[in-house]
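Single-structure report; data block below.
Number of protein chains: 2
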Amino acid sequence: MKIGIYGLGRFGSFWASLMAKRFDVIAYNRTKREFDLKGVTLCSFEELCQADVIFLCVAISSVRGVLEKMAPLIKNGALVMDTCSVKVMPARQMMEILPPDVQCIATHPMFGPDSGRNGVRSLPLVFSPLRCDEKRIAFWLKCFRESFELDVIEMTPEEHDREAAFTQGITHFIGRVLGELDLSHSTIGTTGYRSLLEIIEQTCNDPMQLFYDLQRFNPYTHDMHLKLNESLNDVLAKLDQAETGE
Amino acid sequence: MKIGIYGLGRFGSFWASLMAKRFDVIAYNRTKREFDLKGVTLCSFEELCQADVIFLCVAISSVRGVLEKMAPLIKNGALVMDTCSVKVMPARQMMEILPPDVQCIATHPMFGPDSGRNGVRSLPLVFSPLRCDEKRIAFWLKCFRESFELDVIEMTPEEHDREAAFTQGITHFIGRVLGELDLSHSTIGTTGYRSLLEIIEQTCNDPMQLFYDLQRFNPYTHDMHLKLNESLNDVLAKLDQAETGE
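Chains Z and H supply the protein sequences, listed in that same order. Residues 39 to 284 in our numbering are what the first sequence lists, from first letter to last. Residues 39 to 284 in our numbering are what the second sequence lists, from first letter to last.
Okay, here's the thing in structure tokens:
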């Protein structure tokens with residue numbers, strides 16, 4: 039079985055090297071550069087489209103374009119899995135754009151080269167079969183769970199995005215808001231304040247593109263922004279009330 | 039030297055027991071209840087006013103009333119130290135309301151019965167002498183540093199409040215805003231999200247009164263709210279721009 043990787047950015051390179059521990063891996067990157075990835079063979083776009091399984095490791099906003107280019111060339115019965123941080127949009131695009139005899143599973147490996155530096159054991163991967171035969175689903179569930187020892191969480195793209203908006207999405211949003219302020223270590227910083235600085239660190243080092251994509255392409259983000267705004271106004275109203283109630 | 043404690047709430051009881059390890063301690067609480075504090079003798083308000091050093095362990099909003107009751111009865115040359123979480127307001131009130139021959143130091147022990155459960159060694163205490171002779175300042179600096187092994191930080195009330203608004207104040211504000219949402223542990227929670235839940239835990243367990251007082255009586259809080267709001271609008275504008283710029 040030949041595994042193809044589309045996109046050798048920071049995450050794609052990491053994912054290609056990981057897959058190469060277990061499979062024969064070919065990889066395509068739109069921009070030509072030098073890559074030194076053990077067990078990964080660079081290939082043309084046409085060659086990639088002949089792989090048995092193709093992982094998309096591109097920005098959420100690039101998925102549609104890649105699928106449109108891939109659709110006429112991809113081989114019958116291939117399996118495509120995306121790895122995006124939102125799931126509803128790329129899942130719908132795979133189902134709409136890829137030919138009906140191409141199978142698709144939406145995935146979200148919730149880790150990357152930083153958190154997976156010392157191995158990926160027990161790290162979470164969200165897994166949503168969209169159009170795939172049972173045998174193949176079982177194979178990949180077993181592979182992620184047993185060969186890579188990942189914590190595989192099965193949920194629908196809708197479940198994923200709703201939950202992600204109120205976990206990862208809200209964290210990145212708060213992190214970026216706090217990141218605009220000039221907060222830094224303080225001699226009078228409390229334990230809670232140290233957690234606040236941690237949030238900035240854990241969100242503001244990611245590329246701005248990921249932040250935009252997480253916020254714009256998750257359909258539940260708008261609801262999260264509204265609820266956050268309501269909550270902010272509630273707290274301010276309570277403070278006002280406490281003040282005038284004296 | 040007799041040390042008096044005004045207020046045996048949760049923090050006052052903790053502080054009285056701590057001081058009793060080193061000094062002869064008397065304590066007064068407005069509401070009569072049973073107290074079982076080793077080395078602490080309950081006394082009347084009149085007796086408390088005859089102590090050599092009086093610590094105020096009351097809510098920020100109660101400081102003025104206590105000082106007004108105390109002013110006509112307090113003995114000449116006594117030293118009063120408050121322990122409030124904001125410093126500009128109680129410092130000004132001590133200077134204005136207490137007779138000029140009464141000395142005052144503003145303090146903020148940045149810990150309490152929870153964080154000091156296993157001892158107070160290395161915990162921070164903010165120390166601002168307002169009207170006090172050098173010998174006495176030196177005595178208390180040495181006492182806090184050497185007998186109680188605290189990390190004593192000397193700063194003015196203004197410096198404290200400005201820094202506290204953008205550390206403790208912003209943390210409590212964000213914590214309360216997040217606390218209004220129904221966030222909980224998630225199987226797809228990232229490390230950053232766990233820090234977010236920690237902030238809620240570390241702020242929403244404190245009494246609501248402390249939150250109100252921190253926000254209302256720190257003169258720099260208003261600036262913090264404005265900057266936070268600006269930053270929030272900046273991030274939303276950038277998201278809008280990224281969307282329409284596609």
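Where a beta carbon is used, it is the ideal one built from N, C-alpha and C, also for glycine. Since this is a predicted model, take the numbers as computed values, not measurements.
- With the rule of 3 Cβ pairs closer than 8 Å, the region 119–129 of chain H counts as touching the region 194–203 of chain H.
- The DSSP-derived three-state label of A203(Z) is helix.
- Linking C122(H) to R232(Z) through their CA atoms gives a straight-line distance of about 21 Å.
- Look at the region 57–132 of chain H and you find these whole runs of alpha helix (DSSP H), each 4 residues long or longer: 83–86 and 101–108.
- With its beta carbon less than 8 Å from one in chain Z, G213(H) belongs to the interface.
- Close to G45(H), with beta-carbon spacing below 8 Å, lies no residue of chain Z; the smallest spacing is near 20 Å.
- Taken atom to atom, the span from the alpha-carbon of T241(H) to that of G157(Z) is near 34 Å.
- Close partners of P151(H) in chain Z (Cβ separation under 8 Å) are lacking, with about 15 Å as the shortest Cβ gap.
- With respect to C170(H), I208(H) sits apart: the two C-beta atoms are not nearer than 8 Å.
- At least one C-beta of chain H is nearer than 8 Å to the C-beta of R254(Z).
- For C142(H), the enclosing beta strand (DSSP E) starts and ends at Q141 to P147.
- Among the residues of the region 49–64 of chain Z, none has a Cβ less than 9 Å away from any Cβ of chain H.
- In summary, the residues of the region 182–211 of chain Z whose CB is separated from some CB of chain H by less than 9 Å are D189, I191, M193, H198, E201, A202, F204, T205, Q206, I208, T209, H210 and F211, in the order they occur in the chain.
- The Cβ of D272(H) sits closer than 8 Å to at least one Cβ of chain Z.
- For A176(Z), no Cβ of chain H is located within less than 8 Å of the residue's own Cβ.
- Chain-order list of chain H residues neighbouring K265(Z): L219, by C-beta distance under 8 Å.
- Taking C-beta atoms as the reference points, V104(H) and V96(H) count as a pair closer than 8 Å.
- Fewer than three pairs of CB atoms, one per stretch, sit closer than 8 Å, so the region 76–86 of chain H makes no contact with the region 267–279 of chain Z.
- For L168(Z), no Cβ of chain H is located within less than 8 Å of the residue's own Cβ.
- In the three-state reduction of the DSSP assignment, L235(Z) falls in the helix class, which pools H, G and I.
- For A280(Z), the neighbours in chain H by C-beta distance under 8 Å run, in chain order, Y250 and R254.
- Judged by DSSP secondary structure, G42(H) falls within the beta strand (DSSP E) whose first and last residues are K40 to Y44.
- Each residue's CA atom was taken as its position, placing L111(Z) and N243(Z) some 37 Å apart.
- Secondary structure note for V190(Z): its beta strand (DSSP E) is the uninterrupted segment D189 to E192.
- A89(H) and I237(H) have their C-alpha atoms spaced approximately 40 Å apart.
- Close partners of V164(Z) in chain H (Cβ separation under 8 Å): I226.
- By the CB criterion at 8 Å, L221(H) and F186(Z) fall outside the cutoff.
- Residue pairing from DSSP places L163(H) in a beta bridge opposite P147(H) and V190(H).
- Shown here, R48(H) sits in a helix according to DSSP, grouped into three states.
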